[in-house]
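*Asks:* Before we start, here is the structure in question, set down as structure tokens.
Protein chains: 2
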Amino acid sequence: MLIVIRNALAVLPQGDADVIGRHTIYINEDKIVGIDERPADFAEEDAHIIDGTDRLVIPGLVNAHTHTYMSMMRNCADDLSFMDWLFNRVDPIEGKLLPEDAYWGSLLGQIEMIRSGTTTFNDMQMHIHQTTKAVRESGMRAVICRGLVGGDYDRNDIRLQQALEEMEEGRECSRLSFRLGPHAPYTCGPDYLRMVADVAKEKGLGIHIHLAESVTESENMRKDHDCTPIEYALSAGIFDVPTIAAHCVQLSEKDIKILADHNVSVVTNPASNMKLGNGFAPVPEMMAAGINVCLGTDGAASNNAQNMFREMGYLSMIHKGTHATPQCIGAPEVFRAATINGAKALGLNTGSIEKGKKADLAILRLDVPSMMPNNNLLAALCYSANGSEVDTVIIDGRIVMEGGELKTIDEERVYSEIRSMCSRLGL
Amino acid sequence: MLIVIRNALAVLPQGDADVIGRHTIYINEDKIVGIDERPADFAEEDAHIIDGTDRLVIPGLVNAHTHTYMSMMRNCADDLSFMDWLFNRVDPIEGKLLPEDAYWGSLLGQIEMIRSGTTTFNDMQMHIHQTTKAVRESGMRAVICRGLVGGDYDRNDIRLQQALEEMEEGRECSRLSFRLGPHAPYTCGPDYLRMVADVAKEKGLGIHIHLAESVTESENMRKDHDCTPIEYALSAGIFDVPTIAAHCVQLSEKDIKILADHNVSVVTNPASNMKLGNGFAPVPEMMAAGINVCLGTDGAASNNAQNMFREMGYLSMIHKGTHATPQCIGAPEVFRAATINGAKALGLNTGSIEKGKKADLAILRLDVPSMMPNNNLLAALCYSANGSEVDTVIIDGRIVMEGGELKTIDEERVYSEIRSMCSRLGL
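The listed protein sequences derive, respectively, from chains U and V.
For the first sequence, my numbering gives the first residue as 61, with consecutive numbering after it.
For the second sequence, my numbering gives the first residue as 61, with consecutive numbering after it.
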């Protein structure tokens, strides 16, 4: 279906900055095919027209680190320390999950993401075929990484085999792509990490890993291996392939240099890091070092929202507080962390409104109090919007939400399944 | 009008905690007249019935420190240091404001507050009669404090006279009450503060003041008066009357003891404090000392939202980060800071759902992703809700919003006036 978004304010890239201007955007199949210029073969009278009055068009947000299947665990594991949270609360629930629970959990997370303007997410999951099934139905764009844990250099590792099998099966959906997801230095031994890195190199796959999240992780790493988690991953060869490292809270200056030198993309998850008492990642320092910093929500068990506007709010605020200066990070950098930086990290042709890019867009209402006055809208996106301004969402050229109504997911059904599941799981 | 909220989940106080249960709530005139028990003279068939299915009823939120008239300055003064922000950006715009600009600005802030479940606000304003006029129309409950600045012990101070005059005029509206609002130690000399404290004592008025907001304020106070801002206010007699102190970021241990010993209520404004680079108030320490800590948004020029859900998110998260432990503050304390603590500080019979209290309530949808699963809803209010879940708002027994539709304010008209105003002011 041809789509025209007529005469709307839109956030467009201009060099290293983003600028807001009034434009008409033409979409054909999965791509943006024209901005202001109507493509020659584009018959507007056959198109679906979206009126841009009182609307702001932004590139769909890229949630660069989450675990959507965990959404049923929202608000069930609060105010616990990191290791207590993971091993005593989350893992036991995980152990009781059925495969289809992960499917419904992922759909719940995707409803929340679509409703708040996210069009792409990078997911580390533990239940093969479930998140991919949910993505096929929801219409979202996703990078799927089956979480891998182990100790030996074992190429027959069952989880790795599952991951590779899922990749084969996912080839036919253009919105799906895949990475290898070794979980973390504290759950993957050095030989196992080396094996995963070798397989990634051979198959041309990227890696998605948790690194340097908690003080405990860093202390144990120092005790057991006399290095930092970053040095551990480096020596295992992880950074020889394109790597997305989530968290990176506990970093030395040398760690930052290693990440920068190896073009590792870092996903900061401010809500999760605060909520688990892990602190604040050195985001201004990473940005100053030239690291591609992306933004993610992390899973609902540790955030507890999958709303990137909330996350942009945290990212834009907390470092001004910790650094005692409002100038250390601003809305322009935060918005890029939530869009184009994530797209770059994931190797996807999305994350900005440009001709030839995938048509992944969110359209926000401007006739709402949080966006009023309609000045400095890049600031509004970080400092006053809450995600509920999102009215219409287009992913891969398909309208998945219009006027606040989801087109691809039966919300009532999902909520009903989540209720039954929580009752069964004792949540 | 009689109102019945039938069979809804509701947050009710039980001793020092809040508990969630299913209840039917009866409202007559301005009060909650029954919870589960139908009052004898209550004819349900004559009542306005609100179905509680998939709804959560909470006490209306109390925004304990803001400047609603500044809402037109949203997103116009970002990423500036505190003194630069105040004296070089905000003050010049202030100087150009017409009285009616303050009226429309306040209405914009009130739209945002009502839509996100706030029913009461404590406002320091500079344009006499404008915020009160807006409150009369909006149906909100408000405590109005005309900002006072000066150097001498002058009981004929023009701003003080205006404040007293406004109080007389406001007597006839039961939703309005008043305090004296000496602005801050850096804008009020010791003699002036002493005069304001004396007038407050004589007239039985409370005080609302900014204290210990920035490092610069504390440094200058040390240089000029060899004391802290808290000690300065103490020696001027401010704490001899019921005082609400906004910010209190830069506090010594002795300051905390002074505030506790004098029953000063402190309003923490986490977003504003971060955004201006002022840092993090010692909230867990103040709570441990027994101080009544309330929550506020501050004005839209420094936040930039008037959404208390956003603020509850910040308050529940940031101290877990700065203190490196998730246990230092939790959803129960944050929710009380946003409700009953503010009501106590302001001396109002609101802030909790109890028989005999003012009927100030917000009703949230539970059939939305941020509240799903419907477990641990106190946690959901802090960690996953964003304010858009609020569907219906009752203030003083009057429905001011129902099903997302405002009943008291013409939103279109307000937005239109704000647009013209910003164009005139060059914002």
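Ideal Cβ positions, reconstructed from N, Cα and C, are used throughout, including at glycine.
Which residues, taken in chain order from the region 355-384 of chain V, show a beta carbon closer than 9 Å to some beta carbon of chain U?
*Replies:* Hits within the stretch, in order: 360, 363, 364, 365, 366, 367, 369, 370, 373, 374, 376, 377, 378, 379, 380, 381, 382, 383, 384.
*Asks:* State yes or no: is the beta carbon of residue 432 of chain V nearer than 7 Å to at least one beta carbon in chain U?
*Replies:* Closer than 7 Å: yes.
*Asks:* In the DSSP assignment, find the unbroken alpha helix (DSSP H) run with residue 289 of chain V in it and report its ends.
*Replies:* Looking at the DSSP string, the run of the alpha helix (DSSP H) that includes residue 289 of chain V is 289-295.
*Asks:* Given a limit of 7 Å on CB to CB distance, which residues of the region 158-187 of chain U reach chain V?
*Replies:* Under the 7 Å Cβ criterion, the region 158-187 of chain U contributes 168, 171, 172, 175.
*Asks:* State the DSSP-derived secondary structure class of residue 232 of chain U, mapped to helix, strand or coil.
*Replies:* Residue state, collapsed to three classes: coil.
*Asks:* Measuring alpha carbon to alpha carbon, tell me which of V:427, V:358, V:475 ends up nearest residue 472 of chain U.
*Replies:* Residue 472 of chain U has its Cα closest to that of V:427, out of V:427, V:358, V:475.
*Asks:* Between which two residues does the alpha helix (DSSP H) harbouring residue 170 of chain U extend?
*Replies:* Start and end: 159-175.
*Asks:* Identify each residue in the region 331-350 of chain U for which the Cβ-Cβ distance to at least one residue of chain V is less than 9 Å, and report them in chain order.
*Replies:* Answer set for the region 331-350 of chain U: 331, 333, 334, 335, 336, 337, 338, 339, 340.
*Asks:* Could you tell me which residues DSSP puts in a beta bridge with residue 15 of chain V?
*Replies:* Outside the displayed span of chain V (61 to 487) sits residue 15 of chain V, for which this structure offers no information.
*Asks:* Pick out the complete beta strand (DSSP E) segments inside the region 83-126 of chain U, 3 residues or longer, and give them in chain order.
*Replies:* Runs found: 91-95, 108-111, 115-119, 121-126.
*Asks:* Within 10 angstroms of the Cβ of residue 350 of chain V, are there 16 or more other Cβ atoms? Answer buried if so, exposed if not.
*Replies:* Classification for residue 350 of chain V: exposed.
*Asks:* Are the Cβ atoms of residue 441 of chain U and residue 395 of chain U separated by less than 7 Å?
*Replies:* Yes. Within cutoff.
*Asks:* List the whole-angstrom C-beta distance separating residue 376 of chain U from residue 391 of chain U, where the pair is believed to meet the contact cut-off of C-beta under 8 Å.
*Replies:* That pair is a contact at about 6 Å.
*Asks:* Is the region 160-170 of chain V close to the region 189-199 of chain V, with three or more CB pairs under 8 Å?
*Replies:* As far as the Cβ criterion goes, the region 160-170 of chain V touches the region 189-199 of chain V, which means the pair count is three or higher.
*Asks:* Beta-carbon separation of residue 457 of chain V and residue 90 of chain V under 7 Å?
*Replies:* Contact: yes.
*Asks:* Out of V:403, V:455, V:487, V:271, which has the shortest C-alpha to C-alpha gap to residue 92 of chain V?
*Replies:* Ranking the options by Cα distance to residue 92 of chain V, first place goes to V:455.
*Asks:* Can you list, in chain order, the residues of its chain whose CB lies under 7 Å from that of residue 296 of chain V, leaving out five sequence neighbours each side?
*Replies:* For residue 296 of chain V, where only same-chain residues beyond five positions count, the Cβ hits under 7 Å are 250, 253, 254, 257.
*Asks:* In the DSSP assignment, find the unbroken beta strand (DSSP E) run with residue 72 of chain U in it and report its ends.
*Replies:* Where residue 72 of chain U is concerned, the enclosing beta strand (DSSP E) stretches over 63-74.
*Asks:* Is the Cβ-Cβ distance between residue 363 of chain V and residue 331 of chain V less than 7 Å?
*Replies:* It is a contact, given that the beta carbons lie within the stated cut-off.
*Asks:* Check whether the Cβ of residue 209 of chain U lies closer than 6 Å to any heavy atom of the ligand MN, and answer yes or no.
*Replies:* Here there are no bound small molecules, and the ligand MN is not part of this structure.
*Asks:* Kindly confirm or deny that the region 475-484 of chain U and the region 367-376 of chain V touch, where touching means at least three C-beta pairs closer than 8 Å.
*Replies:* Verdict: no, contact absent.
*Asks:* Is there at least one Cβ from chain U nearer than 7 Å to residue 134 of chain V's Cβ?
*Replies:* So yes, residue 134 of chain V belongs to the interface.
*Asks:* Of the residues that make up the region 437-455 of chain V, which ones have a beta carbon closer than 7 Å to any beta carbon in chain U?
*Replies:* Answer set for the region 437-455 of chain V: 439, 440, 443, 444, 446, 447, 448.
*Asks:* Given that residue 435 of chain V touches chain U, what residues does it touch there, using C-beta distances under 7 Å?
*Replies:* What residue 435 of chain V touches in chain U: 135, 136, 482, 487.
*Asks:* Would you call residue 61 of chain U buried or exposed, if buried means 16 or more other Cβ atoms sit within 10 Å of its Cβ?
*Replies:* Under this definition residue 61 of chain U is an exposed residue.
*Asks:* Could you work out which residue in U:170, U:431, U:161 is closest to residue 122 of chain U when comparing CA atoms only?
*Replies:* It is U:170 whose Cα lies nearest to the Cα of residue 122 of chain U.
*Asks:* Would residue 307 of chain U be called buried (16 or more neighbouring beta carbons within 10 Å of its own) or exposed?
*Replies:* Buried, by the Cβ-count rule.
*Asks:* Which one of V:210, V:272, V:219 has the shortest CA to CA distance from residue 315 of chain V?
*Replies:* Looking at the Cα atoms, V:272 is the closest of the given residues.
*Asks:* List the residues that DSSP assigns as beta-bridge partners of residue 180 of chain V.
*Replies:* Looking at the DSSP assignment, residue 180 of chain V forms a beta bridge with V:122, V:201.
*Asks:* Go ahead and label residue 138 of chain V buried or exposed: buried means 16 or more other beta carbons lie within 10 angstroms of its beta carbon, across all protein chains shown.
*Replies:* Its Cβ being crowded by 16 or more others within 10 Å, residue 138 of chain V is buried.
*Asks:* If you follow the alpha helix (DSSP H) that residue 440 of chain U is part of, which residue opens it and which one closes it?
*Replies:* It spans 437-443 - the alpha helix (DSSP H) in which residue 440 of chain U sits, taken as one unbroken run.
*Asks:* List the whole-angstrom C-beta distance separating residue 130 of chain U from residue 433 of chain V, where the pair is believed to meet the contact cut-off of C-beta under 8 Å.
*Replies:* That pair is no contact at about 12 Å.
*Asks:* When the Cβ atoms of the region 197-214 of chain U are set against those of the region 222-232 of chain U, are three or more pairs found closer than 8 Å?
*Replies:* As far as the Cβ criterion goes, the region 197-214 of chain U touches the region 222-232 of chain U, which means the pair count is three or higher.
*Asks:* DSSP on residue 369 of chain V, reduced to helix/strand/coil?
*Replies:* Three-state DSSP puts residue 369 of chain V in a helix.
*Asks:* Cβ of residue 186 of chain V within 7 Å of Cβ of residue 276 of chain V?
*Replies:* Result no, Cβ atoms of residue 186 of chain V and residue 276 of chain V do not sit closer than 7 Å.
*Asks:* Do residue 268 of chain V and residue 304 of chain V have their CB atoms nearer than 7 Å?
*Replies:* Closer than 7 Å, so yes.
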